[in-house]
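What follows is one structure encoded as structure tokens, with my remarks underneath.
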Amino acid sequence: MNILEAVAENLKTRNPTWRYPEESVEWTLSEIDMQAKAYAMRLEALAVKKGDRVGLLLDNCAEYAPLLLGAWRLNAIAVPLRPKPGKYFDLAEYLCTVHDICKFQTIIVAADADPITVDRCSQAFGISFIFLSEIFVNMNIPMAGNEVTCNVVGTSILPGDTAIIQFSSGTTGSPKGAVVTHAMMIAQLEQINRGVASGCNGSIVTSSASWLPFNHDMGLFIGLLNPLFAGSDNLLASPRYYMFKPHRWFQMMHKYETTLHFTTNTALSGSFKSLSKLDPGSLNLSQLYVYIGAEKVMPAVVRSAYRILGAFGMGKRNLRIGYGMAENTLGAASTNKKEISIRNFIISEDGSIQLASTASSATTEVVAIGEPHTGTRITIRDDKENELPELRLGQINIESPCVMGGYYQNIAATQNSLVGRRLKTGDMGFFYDKEFYYHSRKDDLLVIGGKNIVPDEIEAQVETIPFVRPTCAVLVGVNEPSKNEMQLRLLVEVKLPLKTMFGLEHRKQIQQKVFESSGLLIQSIQACEIGSVEKTSSGKKRRKIIAQRLARDEINMVN
Amino acid sequence: MIYTEEKNTLRELTKLCKQEGILEPDNVPGFENEDLVDSGVIDSMGLLSLQSMIEEYYDVLIPQELFIMELRSLTSIAAYLDTYKSSKNQKQRFGIA
């Protein structure tokens, strides 16, 4: 089976509704399918054929799903791209790098795309960028009644054909494209639905909701592909629409009886204040299953979610953790127990771990990322690739039908990440009582004076201080050549009025908070301009890049 | 009188810190008023060393948090030690344990 066949199969039995409240659009699956046919004809007229790369430089929008299906009807390869520049994210440079790797046949852009970037890239690549608003200009779509009569029925898709290249903006700064075949896509979608059925009390996905960016693996699979595959109703928006009023989103999920929603630790944490404004009786979220993924999940966020979402009838059983990455198509593990396991461990410098019965200054509280999905094998390995037993810290490795064959046109990166079909994730973790625990990114882990420091944990503490906004603190290690050692530097993004006042008293409070929770004294704490704590499209902090900018003195500090 | 005592404690404290390797031997004059955390002199380990040294030489255990929130320079630590000594002397004079 491929995704086009899954859609055709679903259309025989149901015609689910897809809603885009941001655009005031409601389409049935059959309408989406009809538009997909029209897009297929348009792309064919643009000479797109099997194996061609079609870039999608678009924010979350209603046209995304039909465009993907349209491209696949031609057996072309969809390449979702980060659509907007950032303070430190040069979109044109990113596009040039990605084009060098995968040589686009065409790129479809939003009507409001930055014209300078479009012009610059269009000239450099020697290809036309097609504006979404102009895609059907001067084109007659053959219609029979209300139906598009499409003669593009799809070049036959083989399981090993490439469906998507998932480009990460990359913590190292150089984008790498994970190749996802149609077989991997279907294997992942089957895993998601089996995982939901198993982890969510036999629940099936009848109504899904997502605001995650479609150019990110979780947004693409949960927002678009799984609803197409499962034939569920779907509620979609952009990250901006969600973050503006998170409580509005939960009201909509109540209204449309959403059963499945994926979010991130940061987004959920940032939504609690907005949700607390609602009258508990105004929402019934008892049917909703919420998965938290894409980032390290903090115990405090799980507890707050139990309390705040629990007030709307969502049981503890309905909160789940998901773990995965684009290199494994998406998910590899998720919560399968009745409740998310949160335990205290003593993690020694040599990587040995002990379960602690109570919390103390020597313990670290860690949230379990769950059990491997059926058909997935997860192992913890040392630097020599040896498998480690339970309660030993090592690199998380994944073997599954969803593991990529490699990065597109990047042999060196592929060789670094794959041993045969086993994926070395670059994540550090351990195994205990049938579940896996994520500790840190291997690249992010800081070792100072023999002590392992996990930046996420320190930042989470700092972000509980009232004057520090969620996601606005970052801890990095910067090499100090004069001292021949690494120095910890904590940056806090500030805006007015704090921008003009940030000083010793604020630094002291941060130092005190970090010291209380971790016994660590951070000497260098600086306030910086908004946008300095750079993030990936999924909201992960780009610590390596931030550290490089700090070392080069490229961050705009305040005060 | 207090001024002189403070000066003496400060001088003694500075000397001890240099002796114990907490401060560099060539710290410039005026350094006594510098913020020890901001200037990078005291890190997590340095904090522990400073606390242990003061406990050993002055028989007073200063909570580490106090070094972070208040006693951030040698001058402020010396003043704290003087206040502590003077309050201890008074208690002894009035027979309070």
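Protein chains in written order, with my numbering: chain Z, 13 to 571; chain X, 993 to 1089.
Glycine included, every Cβ here is placed at the ideal spot set by N, Cα and C.
As the structure is a prediction and not an experimental result, all values here were calculated from the model.
For Val-526/Z, the enclosing alpha helix (DSSP H) stretches over residues 516-530. DSSP places Ile-365/Z inside the beta strand (DSSP E), whose first and last residues are 365-368. Taking the CA atoms as reference points, Gly-82/Z sits about 15 Å from Gln-117/Z. Nearest to Phe-148/Z by C-alpha distance, out of Ile-120/Z, Leu-405/Z, Thr-341/Z and Glu-38/Z, is Ile-120/Z. No Cβ-Cβ contact shorter than 7 Å links Leu-508/Z with Ser-1036/X. Here DSSP, grouped into helix, strand and coil, assigns Cys-73/Z to coil.
Closest option to Leu-1005/X, judged by alpha-carbon separation, among Ser-1044/X, Asp-1030/X and Ser-1031/X: Ser-1044/X.
For the region 216-244 of chain Z, the continuous beta strand (DSSP E) assignments of 3+ residues that do not extend past its boundaries occur at 219-222, in sequence order. Think of a sphere of 9 Å around the beta carbon of Gln-523/Z: the chain X residues whose beta carbon falls inside it are Val-1029, Ile-1060 and Met-1061, in chain order.
Runs of the beta strand (DSSP E) lying entirely within the region 400-431 of chain Z and spanning at least 3 residues, in chain order: 406-411. Look at the beta carbons and you see the region 95-104 of chain Z touching the region 121-141 of chain Z: at least three pairs across the two are nearer than 8 Å. The DSSP-derived three-state label of Arg-453/Z is strand. The alpha-carbon separation between Ser-360/Z and Leu-487/Z amounts to approximately 21 Å. Contacts with chain X (Cβ-Cβ distance below 9 Å) from the region 463-487 of chain Z involve Lys-463, listed in chain order. Beyond the five residues adjoining it in sequence on each side, Ser-250/Z comes within less than 7 Å, by CB distance, of Glu-34, Asp-71, Asn-72 and Trp-223 in the same chain, given in chain order. Taking a beta-carbon distance threshold of 7 Å, Leu-532/Z counts as an interface residue toward chain X. By DSSP's assignment, Pro-384/Z forms a beta bridge with Ala-345/Z. Under the rule that a run must span 3 or more residues, the beta strand (DSSP E) segments found entirely inside the region 120-145 of chain Z read 141-143. With fewer than 16 other Cβ atoms from the protein chains shown falling within 10 Å of its own Cβ, Gln-1011/X counts as exposed. Here Asp-394/Z is exposed. Its C-beta has fewer than 16 other C-beta atoms within 10 Å. At a cut-off of 7 Å, the C-beta of Gly-1032/X has a neighbouring C-beta in chain Z. For Ser-1036/X, the nearest beta carbon of chain Z is closer than 7 Å to its own beta carbon. Proximity of Gln-535/Z to chain X, defined by a Cβ-Cβ separation below 7 Å, is satisfied.
For Leu-1040/X, no CB of chain Z lies under 7 Å from its own CB, so it is not counted at the interface with that chain. Not a single CB atom of chain X sits nearer than 7 Å to the CB of Phe-514/Z.
Assignment of Ser-286/Z by DSSP, reduced to helix, strand and coil, places it in the helix class. Across the structure, Leu-69/Z and Arg-481/Z are spaced so that their CA atoms are roughly 30 Å apart. About 5 Å separates the CB atoms of Ser-244/Z and Thr-218/Z; that is less than 8 Å, so the two are in contact. The three-state reading of DSSP puts Ile-1069/X in helix, counting H, G and I together. In the structure shown, the three-state DSSP call for Ile-176/Z is strand. Residues of chain Z whose Cβ lies closer than 7 Å to the Cβ of Gln-1011/X do not exist; the shortest such Cβ separation is about 22 Å.
Going by C-alpha positions, Lys-525/Z is about 54 Å away from Gly-63/Z.
Leaving aside the five residues that flank Val-91/Z on each side, the residues in its chain whose CB is nearer than 8 Å to its CB run, in chain order, Arg-65, Val-66, Gly-67, Leu-68, Val-110, Cys-114, Phe-116, Ile-176, Ile-177, Phe-179 and Gly-189. Per the coordinates, the alpha-carbon of Leu-403/Z lies some 23 Å from the alpha-carbon of Ile-470/Z. As a beta-bridge residue in DSSP terms, His-273/Z pairs with Ala-221/Z and Val-302/Z.
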